[in-house]
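Numbering (numbering that gives the first Met the number 0), first residue to last: 0 to 470.
Below you'll find the structure, written out as structure tokens, and then a few comments.
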Amino acid sequence: MTAEPIAGDFLDAGYWGRNVRATVRFAEGIARLLQDDFRAFVEISPHPVIAGAISQCAHDRQKEAVVVSSLRRGQEDRAMLLAALGTLYVHGYEVNWKALHAAAGKVVALPGYPWQHQRYWLEARKPSGRRTSAQRSGSPVRAVQPLLGERVFSPLPIFEAVFNFAELPFLEDHRVAGAGIVPAAVYLEMVRAAAAEVLGLVLTPQPADSYSFQIFSLAGAAQSPAHAWLLHAAGSIAAVDDAKSARTESLAPADLQTRLAESLSGEAFYEKLRAQDFHFGPRFRGLRQLWLGKEEALGRVELPEALSPETGNYFIHPALLDAGLQTLAALLPDTGPLPEPVLMVNLGRFQMLRRPGALLWSHAVLRPEDSQTAGVLHGEVHLYSETGELIAAAENLLLKRVPRGLLRREPPAFKSNWLYEMSWQLMPPSQPPPAEETPAPVISPAEIMTSLRPAVAETAAQHGLTQFADL
Numbered sequence: 000m001t002a003e004p005i006a007g008d009f010l011d012a013g014y015w016g017r018n019v020r021a022t023v024r025f026a027e028g029i030a031r032l033l034q035d036d037f038r039a040f041v042e043i044s045p046h047p048v049i050a051g052a053i054s055q056c057a058h059d060r061q062k063e064a065v066v067v068s069s070l071r072r073g074q075e076d077r078a079m080l081l082a083a084l085g086t087l088y089v090h091g092y093e094v095n096w097k098a099l100h101a102a103a104g105k106v107v108a109l110p111g112y113p114w115q116h117q118r119y120w121l122e123a124r125k126p127s128g129r130r131t132s133a134q135r136s137g138s139p140v141r142a143v144q145p146l147l148g149e150r151v152f153s154p155l156p157i158f159e160a161v162f163n164f165a166e167l168p169f170l171e172d173h174r175v176a177g178a179g180i181v182p183a184a185v186y187l188e189m190v191r192a193a194a195a196e197v198l199g200l201v202l203t204p205q206p207a208d209s210y211s212f213q214i215f216s217l218a219g220a221a222q223s224p225a226h227a228w229l230l231h232a233a234g235s236i237a238a239v240d241d242a243k244s245a246r247t248e249s250l251a252p253a254d255l256q257t258r259l260a261e262s263l264s265g266e267a268f269y270e271k272l273r274a275q276d277f278h279f280g281p282r283f284r285g286l287r288q289l290w291l292g293k294e295e296a297l298g299r300v301e302l303p304e305a306l307s308p309e310t311g312n313y314f315i316h317p318a319l320l321d322a323g324l325q326t327l328a329a330l331l332p333d334t335g336p337l338p339e340p341v342l343m344v345n346l347g348r349f350q351m352l353r354r355p356g357a358l359l360w361s362h363a364v365l366r367p368e369d370s371q372t373a374g375v376l377h378g379e380v381h382l383y384s385e386t387g388e389l390i391a392a393a394e395n396l397l398l399k400r401v402p403r404g405l406l407r408r409e410p411p412a413f414k415s416n417w418l419y420e421m422s423w424q425l426m427p428p429s430q431p432p433p434a435e436e437t438p439a440p441v442i443s444p445a446e447i448m449t450s451l452r453p454a455v456a457e458t459a460a461q462h463g464l465t466q467f468a469d470l
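Structure (structure tokens):
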């Protein structure tokens with residue numbers, strides 16, 4: 000009524016009479032409250048009537064205000080009251096919790112250790128749904144190594160493993176041109192594990208025999224022996240005399256870093272690979288830093304922390320070995336976005352000398368192309384420990400561009416696994432066959448007379464004629 004504060008004893012019968020008859024100075028009253036720094040308004044009514052007007056007044060005067068309603072038609076009363084209380088609370092107004100929760104539970108002591116908000120239980124591993132032939136036949140098997148799988152009961156050293164993302168989840172992070180590609184490092188670790196199984200870990204200084212190996216795969220949907228095995232890698236492996244094959248190379252990373260002028264971070268390197276359609280997930284991003292020259296590169300390699308629990312399963316984890324070999328990719332010529340990817344197609348010699356730690360130095364050299372090897376790149380990669388001791392050597396590496404269609408080629412299709420849907424084709428309506436014309440039958444005189452008799456009798460009656468018997 001006055002747009003000014005008034006004392007309580009002023010609210011007599013005369014005031015309320017004027018309140019009914021006189022103009023209400025609503026906007027001026029809200030403006031005065033805002034001027035006095037009131038910022039919370041609660042409309043107590045069965046349904047909001049003036050809450051919107053209060054918000055508009057605050058907006059016109061560029062003041063922030065919290066406006067809530069107590070009740071609303073069609074909504075549960077307690078829920079509306081709690082929502083209004085919650086709105087006030089999140090805007091910094093105190094709540095009388097004892098009044099709100101009069102029958103609350105007992106207060107308990109905090110735990111004796113800080114909660115870290117981490118889950119520690121083991122997730123159940125999903126079954127792969129695929130078993131080896133030995134498991135299906137019930138033959139005796141013995142698990143050797145995750146990549147090598149089980150040794151088949153056979154006079155020849157044959158191993159069989161199931162490859163999928165459930166059994167080997169880290170392989171999901173290695174994709175080239177949209178296709179999941181098993182890296183060469185996996186094959187090398189498989190061959191090393193097979194050699195350790197066949198030849199033994201303790202090698203004698205006597206000349207050793209050479210063993211050939213082949214790595215095949217059979218698609219998981221294969222259902223009969225008629226489905227062909229696909230050859231992925233082949234070569235030979237030999238146990239050599241440690242004394243005769245001793246290598247004393249060492250590496251001084253600081254000297255190489257001084258000689259190699261350009262520096263590249265691991266993140267920038269993998270972005271460059273991504274532009275060339277190499278999509279490596281976090282478990283195959285082990286290169287942390289690169290130092291580059293014209294035909295030479297030094298890389299600092301570290302096993303991703305997520306793979307640390309798996310190191311006991313391998314002599315050298317394939318992801319760590321692959322990251323070391325990736326150093327050679329930093330020297331490949333840049334031919335623009337999305338060229339045909341360059342992959343390793345041959346490896347002349349690979350030697351593992353000792354088990355590595357989680358940190359390596361990778362030294363890569365790329366040989367220039369010549370007229371006799373056009374389209375084929377030659378290189379070598381040496382891996383060293385953190386202290387510069389030689390760990391492994393990959394020599395006479397051959398790299399070649401691979402057509403994308405070859406990488407994305409689908410495995411042999413099996414009709415039992417095809418997806419299909421029924422599609423109805425619109426066809427014109429069928430027409431009934433034309434009726435065959437039949438000759439008119441020959442009618443006898445007696446049939447003619449029989450058919451005409453009713454009509455003749457009716458006509459005779461109409462004209463007053465009398466029918467006489469036949470003579």
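The beta carbon of each residue, even a glycine, is placed where N, CA and C say it ideally should be.
Item	Value
CB of Phe37 within 8 Å of CB of Val66, strictly	no
Cross-strand partners of Leu230 (DSSP beta bridge)	Phe215
Straight-line Cα distance separating Ala184 from Gln205	Note on Gln205: pLDDT 40, under 50, position unreliable in the model; the coordinate value appears next. Going by the C-alpha atoms only, they are around 29 Å apart.
Outcome for Gln479 when other beta-carbon atoms lying within 10 angstroms are tallied against a minimum of 16	For the chain, the structure presents residues 0 to 470; residue 479 sits outside this window and is missing.
Rounded C-alpha distance that separates Leu187 from Phe215	14 Å
Whole-Å CB distance - Pro154 paired with Ala193, under 8 Å assumed	The pair is not a contact, with the Cβ atoms about 16 Å apart (cut-off 8 Å).
Selection from Phe25, Pro317, Ser68 and Leu358 that minimises the alpha carbon distance to Leu389	Leu358
Contacting residues, own chain, Cβ-Cβ under 8 Å from Leu84 (five flanking each side not counted)	Val94 and Leu99
Neighbour-count burial assignment, Gln144, 16 or more Cβ in a 10 Å radius	buried
Residues bridged to Glu379 [DSSP beta-bridge criterion]	Val364
Short Cβ contact (8 Å threshold) for Asn395 with Glu385	no
Proximity of Ala391 and Gln325 at Cβ, strictly below 8 Å	no
Reference Pro45; option with closest CA among Gln74, Ala64 and Gly51	Gln74
Which of helix, strand or coil DSSP assigns to His58	helix
Selected residue, minimal CA-CA separation from Gly387, among Ile315, Gly298 and Val341	Gly298
Among Tyr383, Ala251 and Gln213, the one whose alpha carbon lies nearest that of Ile236	Gln213
Boundaries of the alpha helix (DSSP H) in which Asn18 is found, first to last residue	Ala12 to Arg20
Same chain only: Cβ atoms within 8 Å of Leu397, ignoring 5 sequence neighbours per side	Met343, Val344, Asn345, Leu346, Gly347, Val375, Leu376 and His377
Residue(s) in a DSSP beta bridge with Asn345	Leu397
Contacts around Gly292, its chain only, beta-carbon distance under 6 Å, and the 5 residues preceding and following it disregarded	Leu259
Reference Glu63; option with closest CA among Leu33, Gly104 and Ile315	Leu33
Contact under 8 Å by Cβ, Val300 with Ala322	yes
Within 8 Å, strictly: CB atoms of Glu294 and Pro367	yes
Buried/exposed call for Gly111, threshold 16 Cβ in 10 Å	exposed
Outcome for His173 when other beta-carbon atoms lying within 10 angstroms are tallied against a minimum of 16	buried
Length of the line joining the Cα atoms of Leu87 and Gln55	19 Å
Alpha-carbon to alpha-carbon, Gly51 and Leu81	20 Å
Beta-ladder partner(s) of Ile236, from DSSP	Tyr210
Residue from Lys399, Ala30, Trp290 and Gly311 with nearest C-alpha to Leu255	Trp290
Range of the contiguous alpha helix (DSSP H) that encloses Phe268	Gly265 to Ala274
Coil, strand or helix - Ala225 by DSSP	At Ala225 the pLDDT is 49, less than 50, meaning the model places this residue with poor confidence; the figure from the coordinates comes in the next sentence. If DSSP states are grouped into helix, strand and coil, Ala225 belongs with coil.
Cβ neighbours of Phe164 in the same chain (closer than 6 Å, five flanking residues each side left out)	Glu171
Helix, strand or coil at Ile475 according to DSSP, with G and I counted as helix	No answer is possible for residue 475: it lies beyond the span of the chain, which begins at 0 and ends at 470.
Beta-carbon proximity of Gly265 to Arg284, cut-off 8 Å	yes
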